[in-house]
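Just so you know, numbering that gives the first Met the number 0 puts 83 at position 84 of the sequence shown, and the rest follows in order with no gaps. All C-beta atoms, glycine included, are put in the ideal place defined by N, C-alpha and C. Just so it is clear, the structure is predicted and the values come from calculations on it, not from any experiment. Structure first, then comments.
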Amino acid sequence: MNLFLGSQGLGAFPAWLDELPRRPRRAVLIPTAGNPLPATPWVDVAMDVLTTCGLGVVRFDLEGAGRHDVDAVLESADLVFVTGGQPIFLLEHAQRSGFAQAVPPAVRSGRLAYAGVSAGAILTAPDLAVYDAPDDPGQVNSTTGLGLVPFHPLVHSNRGRRERYDKLIADRPGLTFIAYNDDEALLITDGLVDRRPSAITADWNR
Numbered sequence: 000m001n002l003f004l005g006s007q008g009l010g011a012f013p014a015w016l017d018e019l020p021r022r023p024r025r026a027v028l029i030p031t032a033g034n035p036l037p038a039t040p041w042v043d044v045a046m047d048v049l050t051t052c053g054l055g056v057v058r059f060d061l062e063g064a065g066r067h068d069v070d071a072v073l074e075s076a077d078l079v080f081v082t083g084g085q086p087i088f089l090l091e092h093a094q095r096s097g098f099a100q101a102v103p104p105a106v107r108s109g110r111l112a113y114a115g116v117s118a119g120a121i122l123t124a125p126d127l128a129v130y131d132a133p134d135d136p137g138q139v140n141s142t143t144g145l146g147l148v149p150f151h152p153l154v155h156s157n158r159g160r161r162e163r164y165d166k167l168i169a170d171r172p173g174l175t176f177i178a179y180n181d182d183e184a185l186l187i188t189d190g191l192v193d194r195r196p197s198a199i200t201a202d203w204n205r
């Protein structure tokens, strides 16, 4: 199982691709988390990085998609790249479309590699209840995430969030968290976590 969990910077992404047992050739880019927001410059940045790395890329929005659509697009891919935005909104459409059911077994088997940045990284957690926020329009009956990692990623740790994250960790001693900065990434290989520098490719506010 191979995962790249970013906060913002994608500097470590090309080397991660090269280290995979089988280098991906075709990627599915999921921009859905950003749909409620007025602008999503990070989606274009991700697309540029993927194409620069020599990957064929299909942009696929989970909002409005069904299970048949998800299965069809995943069948032709060997990498899923999920960008940032609102995590509960992303979870809503991941669950409704069947993406949340289709992706975990494919990633665990090694057929798909998974890259997620910000909300895309958060989606891999066991549960997303701790990420719910008043400005997130997502509505779910269950906050269960993809469960690809046993911890809860705390992204953008350098953006004045350390005190809030420290309180979150203290208030929930039964949960495991990993906080990391925008210029870092977590690389997971078969459950082992490698924190690496990951230079910021472009600046944005979310």
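(request) Would you mind working out which of P196, L16, G63, A45 sits nearest V116, comparing C-alpha positions? (result) The count along the sequence shown starts at 1 and reaches residue 116 at position 117. Taking only the C-alpha atoms, the option nearest V116 is A45.
(request) Tell me whether R25 sits in a helix, a strand or coil according to DSSP, three-state version. (result) Taking the sequence shown and counting its residues from 1, the one referred to as residue 25 is at position 26. Three-state DSSP puts R25 in a strand.
(message) If you reduce the DSSP assignment to three classes, tell me which class G195 lands in.
(response) Here residue 195 is taken as the residue at index 196 of the sequence shown, counted from 1. It is worth fixing the name first, because residue 195 is Arg in this sequence and not Gly. It is a strand residue.
(message) Applying the 10 Å Cβ sphere with the 16-neighbour rule, what's the burial state of Q85?
(response) Reading the sequence shown from its first residue, position 86 is the one you call residue 85. Its Cβ being crowded by 16 or more others within 10 Å, Q85 is buried.
(request) May I ask you to verify whether the stretch 166 to 175 touches the stretch 183 to 199, counting CB pairs closer than 8 angstroms and requiring at least 3? (result) no
(message) Against chain C, does V42 count as a neighbour if the rule is that its beta carbon must be under 8 angstroms from one of theirs?
(response) Annotation note: the requested chain C is absent from the structure, which comprises a single protein chain.
(request) Return the CA-CA distance between Y179 and H67, expressed in angstroms with no decimal places. (result) Against the sequence shown, residue 179 aligns to sequence position 180. Against the sequence shown, residue 67 aligns to sequence position 68. Distance between the alpha carbons of Y179 and H67: 36 angstroms.
(request) Compute the distance between the beta-carbons of V56 and T50, then report whether it is under 8 angstroms. (result) As a first step, residue 56 must be located in the sequence shown, where it is residue number 57. As a first step, residue 50 must be located in the sequence shown, where it is residue number 51. Yes; because the gap between Cβ atoms is below 8 angstroms, this pair is in contact.
(request) Tell me, please, which residues DSSP counts as bridged to P152. (result) In the sequence shown, residue 152 corresponds to position 153, counting from 1. In the DSSP output, where bridge partners are listed per residue, P152 has I177.
(request) Would you check whether the ligand GTP has a heavy atom nearer than 7 angstroms to the C-beta of L191? (result) Absence of the ligand GTP is noted for the structure shown, with no ligands found whatsoever.
(request) Could you check the C-alpha separation between R163 and P133 for me, to the nearest Å? (result) Counting from 1 along the sequence shown, the entry for residue 163 is found at position 164. Counting from 1 along the sequence shown, the entry for residue 133 is found at position 134. Going from the Cα of R163 to the Cα of P133 covers about 16 angstroms.
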